Amino acid sequence: MKKNKIEESFFERVYSVVRQIPYGKVTTYGIIARCIGSPQAARMVGWAMNNSHNVIPEVPAHRVVNRNGILTGKNHFGEIELMQKLLNEEGIEVVKDQIVDFHSHLWDPMTIY
DNA sequence: CTCGTGACTCCCC
DNA sequence: AGGGGAGCCACGA
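Numbering (the numbering used here), first residue to last: 294 to 406.
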């Protein structure tokens with residue numbers, strides 16, 4: 294055995310975490326990056342999200358924002374208002390591209406309650 | 001193979 | 001308090 298493989302791609306690892314985000318909750322790029330072992334590779338997480346549109350099952354990328362609770366990736370949803378719209382549908386209020394009471398909606402995969 | 005870029009984050013001044 | 005720079009990893013040209 295040398296290597297075995299199945300080493301899931303970096304992207305796959307990101308998707309696995311993002312898919313675990315419960316309905317009505319959000320998380321950040323940094324948290325995800327840290328969760329997969331690369332705390333400073335938050336950029337990659339966002340990049341993975343960009344590619345997520347081509348991934349199945351669909352990844353709730355709209356639940357992923359930056360550490361300030363700002364919808365930095367909204368520009369990549371095709372429709373600028375789409376990301377905010379999806380969050381609103383889940384009961385998350387967004388003002389000026391920023392999630393209201395962000396900390397309350399924040400979900401940390403490492404923090405099991 | 002080398003270079004550049006990217007939906008971020010942290011540290012320093 | 002605000003601005004600037006470096007770090008991180010993967011992927012396309």
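For each residue, glycine too, the CB sits at the ideal point set by N, CA and C.
Only a predicted model underlies this, so the values are computations on that prediction, with no experimental measurement involved.
Just confirm the distance between the C-beta atoms of residue i and residue j, as a whole number of angstroms; I'd bet it's less than 8 Å.
i           : j           : result
residue 320 : residue 357 : 6 Å
residue 364 : residue 387 : 7 Å
residue 366 : residue 339 : 6 Å
residue 317 : residue 398 : 7 Å
Nearest to residue i by CA position, among the options, is which residue?
i           : options            : result
residue 355 : 347, 342, 361, 349 : 342
residue 402 : 346, 308, 363, 387 : 308
residue 328 : 392, 347, 305, 380 : 305
residue 348 : 374, 335, 311      : 311
residue 324 : 316, 333, 383      : 333
residue 255 : 359, 370, 350, 372 : Residue coverage of the chain in this structure runs from 294 to 406, which leaves residue 255 outside it and unanswerable.
residue 395 : 361, 369, 379, 374 : 361
residue 345 : 370, 374, 331      : 370
residue 390 : 398, 397, 399, 374 : 374
residue 326 : 313, 372, 303      : 303
In three-state terms, what does DSSP make of residue i?
i           : result
residue 399 : strand
residue 376 : helix
residue 314 : coil
residue 295 : Confidence in residue 295 is poor, its pLDDT being 38 and thus under 50, which makes the residue's placement unreliable; the coordinate value appears in the next sentence. DSSP places residue 295 in coil when its eight states are reduced to three.
residue 393 : coil
Identify the continuous alpha helix (DSSP H) that holds residue i and give its terminal residues.
i           : result
residue 352 : Run containing residue 352: none; DSSP gives neither H nor E here.
residue 325 : 322-328
residue 345 : 335-345
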